[in-house]
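Peer 1: 13 is the number that UniProt numbering gives to position 13 of the sequence shown; each next residue is one higher, with no gaps. Positions of the beta carbon are idealized from the N, C-alpha and C atoms, including for glycine.
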Amino acid sequence: MNTQYTITELAREFDVTPRAIRFYEDQGLLSPSREGSSGLRRVYSGRDRTRLKLTLRGKRLGFTLSEIRDLLDLYDSPTDTVPQLHAFLATVKRHREVLERQLEDLNATLEDLAQYEVEARTLLESGARGADALVSDARST
Numbered sequence: 001m002n003t004q005y006t007i008t009e010l011a012r013e014f015d016v017t018p019r020a021i022r023f024y025e026d027q028g029l030l031s032p033s034r035e036g037s038s039g040l041r042r043v044y045s046g047r048d049r050t051r052l053k054l055t056l057r058g059k060r061l062g063f064t065l066s067e068i069r070d071l072l073d074l075y076d077s078p079t080d081t082v083p084q085l086h087a088f089l090a091t092v093k094r095h096r097e098v099l100e101r102q103l104e105d106l107n108a109t110l111e112d113l114a115q116y117e118v119e120a121r122t123l124l125e126s127g128a129r130g131a132d133a134l135v136s137d138a139r140s141t
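1. Determine the direct distance from the alpha carbon of Ala-20 to that of Ser-66, and round the result to whole angstroms.
2. Checking the sheet assignment: what are the DSSP bridge partners for Arg-42?
3. Curious, which full-length alpha helix (DSSP H) runs of at least 4 residues does the region 72 to 115 contain?
4. Three or more C-beta pairs closer than 8 Å, one from the region 79 to 90 and one from the region 42 to 51: is that the case here?
5. Would you list the one or two residues that DSSP bridges to Tyr-5?
6. Can you tell which of Ala-90, Glu-9 and Glu-125 has the C-alpha that lies nearest to the C-alpha of residue 160?
7. Pop quiz: Ser-33 and Val-43 are said to be a contact at Cβ under 8 Å. What is the actual Cβ separation, rounded to whole angstroms?
8. Please check the pair residue 142 and Gly-28, which I expect to be a contact at CB under 8 Å, by giving their CB distance rounded to whole angstroms.
9. Just how far apart, CA to CA, sit Lys-53 and Lys-93?
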């Protein structure tokens, strides 16, 4: 089946702007054909639609456009899927490691904030003199 899409149809379907789609085209992620007397009208194929869908999914996962392009190009190649899967797994592993480090940092920050909150509430309960000490301590750091 040779289904074709306009930029407006794809933008509406995936809730992105036509400008975003043109940007992905400029980055080599999409390659629509051109129609019309001036060749300005973009016509996207089913392949382009799938690549846009995978690009948006990759962006949600935190992949860079370069990583997405490399992965999409691997899937377009006629070779077997083993190298493709290894490349995909390596990319996923790198992103998982980054996210796990970020999660550790966030958990440490949340623990610090919880401790500061306890200290601030304790000072407030002990009166205004304690609040003055908190402000003074905060200014010295």
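Peer 2: Inspection of the coordinates gives the following:
1. Distance between Ser-66 and Ala-20, taken at the CA atoms: about 16 Å.
2. Beta-bridge pairing links Arg-42 to Arg-34.
3. With a minimum length of 4 residues, no continuous alpha helix (DSSP H) run stays inside the region 72 to 115.
4. No: the two stretches stay apart, fewer than three of their Cβ pairs being nearer than 8 Å.
5. Tyr-44.
6. Missing from the structure shown is residue 160; the chain here goes from 1 to 141 and no further.
7. Contact flag correct, Cβ pair sits at about 5 Å.
8. Here the chain has residues from 1 to 141 only, and residue 142 is not among them.
9. For the pair Lys-53 and Lys-93, the Cα-to-Cα distance works out to about 21 Å.
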